[in-house]
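From first to last, the protein sequence lines stand for chains X and H. Numbering-wise (the working numbering), the first sequence opens with residue 1 and increments by one. Numbering-wise (the working numbering), the second sequence opens with residue 1001 and increments by one. Cβ coordinates follow ideal geometry from the N, Cα and C atoms, glycine included. This report refers to the structure that appears directly beneath it.
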Amino acid sequence: MVKPHRPWRRHVHWLSLSLMSFVALMLLIAYQTRWVYPEIHAYFSQSGNLTGQQLATRARGYLQEGLDQLLSSPDDQETRQRAYFQMTLAYSLFDIGLYRREYDCTGPSLAAMGELMDRLDNGSTVEAYHLRESLLEPMRCLTQIEMHQLDRRSEVTAEFVEQTRRHQGQVLAGSLVIFVLGLGFWSMHEMQRRRAARSARESLEWMTRALRDPLTGVGNRSAMQDDVRTSRGGSLGLLLVDIDYFKQYNDSLGHPDGDRLLRRLVQLIERALGNEASLYRMGGDEFAALFECRSDKALGDICRHLVEALRDAALPHPAHPHSDSVTFSVGGGEIQGWVR
Amino acid sequence: MSRMVFSCRLSALGLLSAALLVASPVAADTDELILLDGDREVVLSLEALREQADVEFRFYEPYLTEEADIRGLVFRDLLQEHFGEVPEQLHFEAWDDYEVTLGGWDDPNWILVTHQNGEPISLRNRGPLRLVERDYGNRDPANLRNFNDWVWMIRSIEAVW
């Protein structure tokens, strides 16, 4: 069994691919906007939260504050308590697993801070060398951590930026590919559509040509049959015109002159009947005209008018046995209430 | 049933405020947690909170970079007990003057930590109260940025409706 030919399916195919490409492009852009950019923002926007400022930086700040207090009034009990509090805060922010694991100075620094805190807690004297060992050394350690962490953060940021740049490059390339594919599919669709339109136009032209008489340009017998079949009913007038002694005309003057006579006859009939009538060449020297006809009288009038017009034309016919000019046989009839 | 002890000090609020104004930070009472709800202030004893702590688990503590035994309370339950319901947001003040306002507390995953490895936590190890997520899913513990919403050294909690 032969499957019916469905050219529209091919067009829908290309059109679907094209639409799918553009939808994919939109999804890619939405993904970039909705998920990737917030992620980048979240990565870089760390201010105001727990680790927005380095813990080491905060710890160093508390140590400096404690040192400042101890240097100002080392023997004042209240000052010592405030310094102890600052050192406790520093200790808690310093005592991070990451620092202990990666920076060798962390353990000894915390131990030294612990010793000083014990001295402050139990009321022991705090000398300058205690401060140097228990505060300055941890501060150096914290500074080292800060610098290293900043370097690391810069490296991570640079890597992240590079990754982001690569990612955006890939997305851009992907977007371009999808866009080009979409355009390609759309072009294919457009080509198919134009090809189908051209094919339809050509078919129509061929069909038109098949219904035309190439010599005179009027419709042929098939065209007349079609027109009668597709007419909406009502009365149709039909005139049949035949050239008398046309064979002799051709024999004496030649076929080119015979063709010219046929074309001239068409002009005469068209002029006589006007635009209302449709003219057909039935074959050889026989012509027919179809027109709306409301009564027998109208048909007779038109018929007479045509005969007079042909007679007035007085086309010469050197081989006519009874006349000097071309004569015609004209017949008419009415097709009443024609229904398909 | 909770055995938490808390005392309302509304009548002595003025006196307490005056005392805090002149007191040094170290003199402030680190054995208390202050809960604020508009004009209402509730002071909870840390000792009572430690006794009330009934959730125990062991997890990898990202800031310690090692496994730790944790004991504490389900934070949501504490909020419901004292605020009636879980506030939309909470404003935290920490002993190191860190302040933050965060939401999303209607979640039993948040634990108010009172003990670590069997010992009550103190200021020296980011206590006396600390908020952590019992289950932090598949977040990378090596990246501490993933735990920015944990709150340490909690001194007061204010409901933000």
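Check                                                                                                                                                                         : Outcome
Would you list, in chain order, the members of the region 1038-1072 of chain H that have their beta-carbon closer than 7 angstroms to a beta-carbon of chain X?               : Tyr1063, Leu1064, Thr1065, Glu1066
What does the Cβ neighbour count give for Ser323 (chain X), buried or exposed, with the cut at 16 atoms within 10 Å?                                                          : exposed
What would DSSP say about Ser1017 (chain H), mapped onto helix, strand or coil?                                                                                               : Confidence at Ser1017 (chain H) is low in this model, with a pLDDT of 38, below 50, so the placement of that residue should be treated as unreliable; the coordinate-derived value is given next. The answer is helix: DSSP assigns Ser1017 (chain H) an H, G or I state.
What would DSSP say about Glu155 (chain X), mapped onto helix, strand or coil?                                                                                                : helix
Going straight from the alpha carbon of Arg304 (chain X) to that of Val326 (chain X), what length do you get?                                                                 : 17 angstroms
Give the C-beta separation of Pro1108 (chain H) and Val1132 (chain H) to the nearest angstrom, bearing in mind that I take them to be a contact with Cβ-Cβ under 8 angstroms. : Going by Cβ atoms, the distance from Pro1108 (chain H) to Val1132 (chain H) rounds to 13 angstroms, so no, they are not a contact pair.
Whose C-alpha, out of X:Pro256, X:Cys293, X:Gly258, X:Glu190, is nearest the C-alpha of Leu238 (chain X)?                                                                     : X:Cys293
Below 8 angstroms on the Cβ atoms is my contact criterion, and I expect Gln54 (chain X) with Gln149 (chain X) to pass it. Report the Cβ-Cβ distance as a whole number of Å.   : 6 angstroms
I'd like to know if Thr33 (chain X) contacts chain H, where contact means its C-beta is closer than 7 angstroms to some C-beta of that chain.                                 : no
Can you tell me which residues form a DSSP beta bridge with Asp1069 (chain H)?                                                                                                : H:Arg1058
Along chain X, which residues have their Cβ under 8 angstroms away from the Cβ of Asn1138 (chain H)?                                                                          : Those within 8 angstroms of Asn1138 (chain H) in chain X number zero; the least Cβ separation is about 16 angstroms.
Can you tell me whether Tyr249 (chain X) is helix, strand or coil according to DSSP?                                                                                          : helix
Quick check on Ile178 (chain X): buried or exposed, where buried means 16 or more other Cβ atoms within 10 Å of its Cβ?                                                       : buried
Going by CA-CA distance only, name the one from X:Arg166, X:Asp251, X:Leu131 that's closest to Gly66 (chain X).                                                               : X:Leu131
Hey, does Asp1096 (chain H) have any beta-carbon neighbour from chain X nearer than 7 angstroms?                                                                              : yes
Under 7 angstroms, CB to CB, which of the residues in the region 90-107 of chain X have a partner in chain H?                                                                 : Tyr91, Ser92, Asp95, Ile96, Gly97, Leu98, Arg101
Run through the DSSP bridge pairs and tell me what Glu286 (chain X) is partnered with.                                                                                        : X:Asp242, X:Gly283
Please state whether DSSP places Ala30 (chain X) in a helix, a strand or coil.                                                                                                : helix
Can you pull the DSSP bridge partners for Pro316 (chain X)?                                                                                                                   : X:Ser325
Tell me whether Ala288 (chain X) is buried or exposed, calling it buried when 16 or more other Cβ atoms sit within 10 Å of its Cβ.                                            : buried
Start and end of the alpha helix (DSSP H) containing Phe1075 (chain H)?                                                                                                       : 1075-1083
What three-state label does DSSP hand Pro1025 (chain H) in the structure shown?                                                                                               : The pLDDT assigned to Pro1025 (chain H) is 43, lower than 50, so where the model puts this residue is not dependable; a value taken from the coordinates is nonetheless given after this. DSSP places Pro1025 (chain H) in helix when its eight states are reduced to three.
At a CB-CB cut-off below 8 angstroms, which residues of chain X make contact with Asn1109 (chain H)?                                                                          : Under the 8 angstroms cutoff, chain X gives no residues; its nearest Cβ is about 18 angstroms from Asn1109 (chain H).
Taking the alpha-carbon positions, what's the Glu1162 (chain H) to Ala1068 (chain H) distance?                                                                                : One cannot answer for residue 1162 (chain H) here, as it falls past the ends of chain H, which runs 1001 to 1161.
Over what stretch of residues does the beta strand (DSSP E) that includes Phe1092 (chain H) continue unbroken?                                                                : 1089-1094
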